[in-house]
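If you read the sequences in order, they're chains A and B. Note that this note's numbering gives residue 1434 to position 90 of the first sequence, counting from 1, and the numbers run on in steps of one. Note that this note's numbering gives residue 631 to position 605 of the second sequence, counting from 1, and the numbers run on in steps of one. Glycine included, each C-beta is placed from N, C-alpha and C at the ideal position. Quick notes on the structure that follows.
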Amino acid sequence: MNGRSHPIEHADEPLLWVLRDELGLTGTHYGCGIGACGCCTVLVAGEPVRSCQVTAASVGERPVTTMEGLAERGPDGQVTALHPVQQAFLETPLQCGWCLPGHILCAVALLNRNPAPDEAAIAEAAQPNLCRCGGYNTIKAAVARAAELARSS
Amino acid sequence: MTGPYESYGRRLRRRATRRRLLIGAGATVGALVVGVPLAVEYGRPALAEWMLGRGTGPAEIPESSLVWFELTGDGVTVYVPKIEMGQGVHTALAQIAAEELRVPPERLAVVQADTARGFPAQTLFTFGSTSVASLYTPIREAAAAVREMLALEAARQLGVDAKALTAADGAFQVSGTGRRLAYGEVISAHSGPWQEPPKQPELRPVQEFTSIGRSAPRVDFRAKLLGEAVYGYDARLPDMGYGAYAVPPRFGAELLDAQPGDAAGMPGVQQVVIDLPAGFAGVVADTRTRAWAALNALRLRWSEGSRTDTAAVEEQVTASHGVVLRRDGSISRALAEGTRVEAAYRTPLAAHAHLEPLAALARVEPGAGGRVELWVPTQSPGSVVEDVRAALGEQREVVLHVTQLGGSFGRKGGQHLAVAAARLSAAAGRPVHVGWTRDTDMRQGFYRPPTHTVMRGSVGTDGRIRGVEQVTAAGDIIWAVAGLPEPVRDLLGFDPGGLLGLFLPYELPAYRLVNRREQLPVPTGPWRGLGLMPNTFALESFVDELAEAAGADPLEFRLAHLSESDPEARRLRTVLRTAAQMARWGEPLPPGRGRGIACSGDVGTVVAMVAEVDLSGGRLRVTGMDVAVDCGLVVNPAGAKLQAQGSVVMGLSSALREELRIEDGQVVSDNFDSYPIIDMASTPPIRVTFTGDGEVPQGMGEPVIGPVPAAVANAVRAAGGPRLRTLPLRP
């Protein structure tokens, strides 16, 4: 989990609730419980997964990345550098932010496999995630900007 | 969790000055604390007065400190009395304060004010697109006064005349010298009472703004991106349990009996709470899913409740008669002349579908009078406090912390969840968090009420409208939450929320408007823009139908019927022309494609937009939206653009997809599979231009949603498709 190992007490529960309520990582959000909105997205071994749809046990020992695990941090836990995707969304923010796990982590996975995505690839990667505040135009621009930032860093 | 400022309300002597600034008495050494008292300014004063006059509003219009500035050696903190639900209000209010403080907005610490810091709960009510407009002047005046108090003290410390000081970038510069004194240094070196400025300092003219009018970074977004922001669903306390409680299976059903069943023995269950007189049954467990499972194991018996369905609700909302709200000229004579057009429009029930379901955390101290502390995502803290007191005891002290809100759009007002969490906490003797499932959130909501509007009109051979008769029926909005007796509501015949967007802005020789409100068996209430979007859908579609009957261009037809002298009509003309220009109105399009235009006004803001659609693939695709907005002075262009685009997307979602379905007294479209909202693939590029050049800002949260469905429906017709008169639009 974000580079550290944790024993899990309720391994039979959905990963979402284990993250939020057992590990206290509330940056992963609950939206629908049926895998339809994307608010609960995490990366499991680098791939976006809807954490409401899998048990903690099913993830086993594969690495999990959540919103809390993206930024670079110093030994004291303080953030030393945002991930380029975070930086891009800081420059062109959305509104309420509840949908961010889906949009951010799908963008991270996209840029990991395709550092120079075109508009269609950006749209395809973001498509499964809803945004009720209506930031879809902004999301496309932010991911394109994130790709630029990642390439230049 | 409350920080060092929790007792502001009690600690401060609240020494009121001539201009009624509140200067903190505890703030004589190393800090300057200034509050701004003002009556809550309602953006819709007529409505507020009307409600107050009838005892349906807040018990009093509170006059209390709404904004606190705290300056110390380390920096400036602004306690903002409006709630952040994504609209960016904390950023905009900080920009306004920064302008007169002469501090860069990104250097201000922005903190949500709440009752834990002495703010009366009702003053935090955040609604109706009024936050920026109502606080714009008070915050500037207060910030300027704070700056002047600092300047007087700085002048004393430096031994110069205050006139010699220039404030910039959080410091004073002595003119003609290189000397500079930072605000923090002034405060650290100060002791004794602060001297108030002898007169209200002049405010900076608009042309000299350095903060207002520039896009500022969102003050709340870094924490959100790091996963550190605390929304209602995220509120946590040590030793907290997870609660769940029974909700009626049908509208209006009441709990007749409840037995623990197998719940008490289930794994992780800590408490089963049954209080039949209160109609309450719930559980507390060590995990959320165990609480939900235990809830399902309770044996509950409910009264039947309503067996209504979508068709019955729509039938009840049928325009035919009602109260006459407008009668200009002779409508019967007008309709007998020229070419007559008649059409009827419908909009369905719709959900808010905020992505964060409702949630609340409560910690109730032991004993009948124990203090209640709440963490709630709410737009309406006053009603949360009232609800909890009504349920747990009027004598209780209730402290409410407002969390971040993961969207709201009108939904997150007074909440059963806070009451339930408090009941469960009181019974379990530990803090309890309650979070609804998505399907519970969708089923237990209140909804945008359906509307039915019958329009009759005629146009003469000169291309001018002879007259319009408009007969509207709609479910309740304000009345549904205002607690007025039904006979009184029925006598009045209209719902104040339904008035938004209800009136045609065009010059008409004859206009008759009849309105009818209906109390429905389905809970209805405020939804973004209240009546604005449903009403505008009917009006602006019908104006296009009249233009077609007149053989006129829809843009020219509108312009021809907007007054040259009326200020609002002039602003409408400007946004119409701007949107048309942005969309290349009049340039030919390939077959199957078309443009539609529509406009509306609300909360001092006027909006026009052009939708471009493509029917050539055999289905309706919106390919572009060009939007012109005059919201007066734009405080944060980036934030305002997001608000505009967000309204367009939500409006498109209503135009293309959303329809809440009711069967057998319950919502059956209860998740995003059965209640789809718009996704990225269906969202076109949305271009936004602000045309306002006003001195003051107007509302921005809701107005832009008004014309969206009408613009799309008009574009479908222009593309050679049918005239669509029912939402969602299905060509």
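Range covered by the beta strand (DSSP E) that runs through residue i
i, result
"Ala-1425 of chain A", "1423 to 1425"
"Trp-401 of chain B", "398 to 402"
"Ala-575 of chain B", "Note, Ala-575 of chain B: premise wrong, no beta strand (DSSP E); alpha helix (DSSP H) at 558 to 576."
"Pro-1392 of chain A", "1391 to 1394"
"Ala-499 of chain B", "491 to 501"
"Phe-198 of chain B", "197 to 200"
Cross-chain neighbours of residue i in chain A, by beta carbon under 7 Å
i, result
"Ala-255 of chain B", "Gly-1441"
"Asn-697 of chain B", "Cys-1376, Ile-1378, Ala-1380"
"Asp-652 of chain B", "Simply none; closest approach about 13 Å."
Under 8 Å between C-beta atoms of residue i and residue j
i, j, result
"Asp-246 of chain B", "Gln-430 of chain B", "yes"
"Ala-388 of chain B", "Val-458 of chain B", "yes"
"Glu-566 of chain B", "Ser-626 of chain B", "yes"
"Val-339 of chain B", "Val-548 of chain B", "yes"
"Ala-634 of chain B", "Val-601 of chain B", "yes"
"Gly-436 of chain B", "Tyr-259 of chain B", "no"
"Gly-577 of chain B", "Leu-556 of chain B", "no"
Neighbouring residues, chain B, relative to residue i (Cβ below 7 Å)
i, result
"Thr-1410 of chain A", "Gly-253"
"Glu-1492 of chain A", "Ordered by position in chain B, no residue passes the 7 Å Cβ test against Glu-1492 of chain A, which lies about 17 Å from the chain."
"Asp-1420 of chain A", "The premise fails here: Asp-1420 of chain A is roughly 15 Å from chain B at the closest Cβ pair, so nothing lies under 7 Å."
"His-1354 of chain A", "Thr-313"
"Val-1423 of chain A", "Leu-252"
"Leu-1444 of chain A", "Lys-250, Leu-251"
"Val-1397 of chain A", "A quick correction: the sequence has Gln, not Val, at residue 1397 of chain A. Per Cβ cutoff of 7 Å: no residues; Gln-1397 of chain A is ~13 Å from chain B at best."
Proximity winner among the options, relative to residue i (alpha-carbon distances)
i, options, result
"Pro-733 of chain B", "B:Asp-652, B:Ile-703, B:Ser-708", "B:Asp-652"
"Ser-160 of chain B", "B:Val-722, B:Leu-450, B:Pro-511", "B:Val-722"
"Val-115 of chain B", "B:Pro-130, B:Ser-155, B:Thr-466", "B:Ser-155"
"Val-629 of chain B", "B:Lys-250, B:Phe-198, B:Ala-576, B:Leu-526", "B:Leu-526"
"Ala-1470 of chain A", "A:Glu-1492, A:Pro-1445, A:Ala-1494", "A:Pro-1445"
"Phe-563 of chain B", "B:Gln-496, B:Val-349, B:Arg-314, B:Gln-671", "B:Gln-496"
"Trp-553 of chain B", "B:Arg-482, B:Val-410, B:Pro-547, B:Ala-379", "B:Ala-379"
"Gly-747 of chain B", "B:Pro-392, B:Pro-617, B:Val-425, B:Ala-453", "B:Pro-617"
"Asp-272 of chain B", "B:Leu-251, B:Asp-288, B:Arg-325", "Reading off the sequence, residue 272 of chain B comes out as Ala, not Asp. Out of B:Leu-251, B:Asp-288, B:Arg-325, B:Arg-325 has the C-alpha closest to the C-alpha of Ala-272 of chain B."
"Pro-130 of chain B", "B:Ser-241, B:Gln-226, B:Gly-287", "B:Ser-241"
"Arg-1417 of chain A", "A:Leu-1426, A:Thr-1409, A:Thr-1410", "A:Leu-1426"
"Val-104 of chain B", "B:Gly-112, B:Gln-113, B:Met-111, B:Gln-121", "B:Gln-121"
"Gly-267 of chain B", "B:Ala-311, B:Arg-756, B:Asn-697, B:Gly-489", "B:Ala-311"
"Gly-287 of chain B", "B:Leu-572, B:Pro-403, B:Val-390, B:Ala-307", "B:Ala-307"
"Ile-503 of chain B", "B:Pro-392, B:Ala-536, B:Pro-303, B:Pro-476", "B:Pro-476"
"Leu-755 of chain B", "B:Gly-725, B:Gly-677, B:Pro-710, B:Val-714", "B:Gly-677"
Amino acids of chain A, ordered along the chain, whose beta-carbon sits closer than 8 Å to that of residue i
i, result
"Ile-712 of chain B", "Asn-1481"
"Ile-703 of chain B", "Leu-1474, Arg-1476"
"Ala-707 of chain B", "Ala-1467, Gln-1471"
Endpoints, the alpha helix (DSSP H) within which residue i is located
i, result
"His-216 of chain B", "Per DSSP, His-216 of chain B belongs to no alpha helix (DSSP H) and is neither H nor E."
"Met-651 of chain B", "Note, Met-651 of chain B: premise wrong, no alpha helix (DSSP H); beta strand (DSSP E) at 647 to 656."
"Leu-418 of chain B", "407 to 418"
"Asp-516 of chain B", "512 to 518"
"Glu-592 of chain B", "The sequence as given places Asp at residue 592 of chain B; Glu does not occur at that position. No alpha helix (DSSP H) contains Asp-592 of chain B, which DSSP labels as neither H nor E."
"Tyr-1480 of chain A", "1480 to 1496"
Residue i to residue j span [Cα, whole Å]
i, j, result
"Ala-386 of chain B", "Cys-657 of chain B", "35 Å"
"Arg-327 of chain B", "Leu-686 of chain B", "27 Å"
"Ser-589 of chain B", "Arg-596 of chain B", "7 Å"
"Ala-193 of chain B", "Thr-236 of chain B", "13 Å"
"Gly-691 of chain B", "Pro-1407 of chain A", "46 Å"
"Ser-679 of chain B", "Ala-1355 of chain A", "38 Å"
"Leu-375 of chain B", "Val-494 of chain B", "26 Å"
"Glu-13 of chain B", "Ser-673 of chain B", "Residue 13 of chain B is absent from the structure shown; chain B starts at 27 and stops at 757."
"Leu-191 of chain B", "Trp-94 of chain B", "25 Å"
"Phe-472 of chain B", "Ala-270 of chain B", "20 Å"
"Ala-1460 of chain A", "Thr-1482 of chain A", "18 Å"
"Pro-219 of chain B", "Gln-226 of chain B", "19 Å"
"Gly-551 of chain B", "Pro-1472 of chain A", "30 Å"
"Asp-696 of chain B", "Ala-1380 of chain A", "12 Å"
"Gly-718 of chain B", "Leu-585 of chain B", "18 Å"
Within chain B, partners of residue i - CB distance below 8 Å
i, result
"Ala-1485 of chain A", "Result: empty, since nearest Cβ-Cβ is about 10 Å, beyond 8 Å."
Chain A residues whose Cβ lies nearer than 9 Å to that of residue i
i, result
"Pro-243 of chain B", "Leu-1434, Glu-1435, Pro-1437"
Contacts of residue i in chain B (Cβ-Cβ under 9 Å)
i, result
"Cys-1383 of chain A", "Leu-381, Glu-382, Gly-432"
Proximal residues of chain C, C-beta to C-beta of residue i below 7 Å
i, result
"Ala-1415 of chain A", "The chain inventory of the structure shown lacks chain C, comprising the protein chains A and B."
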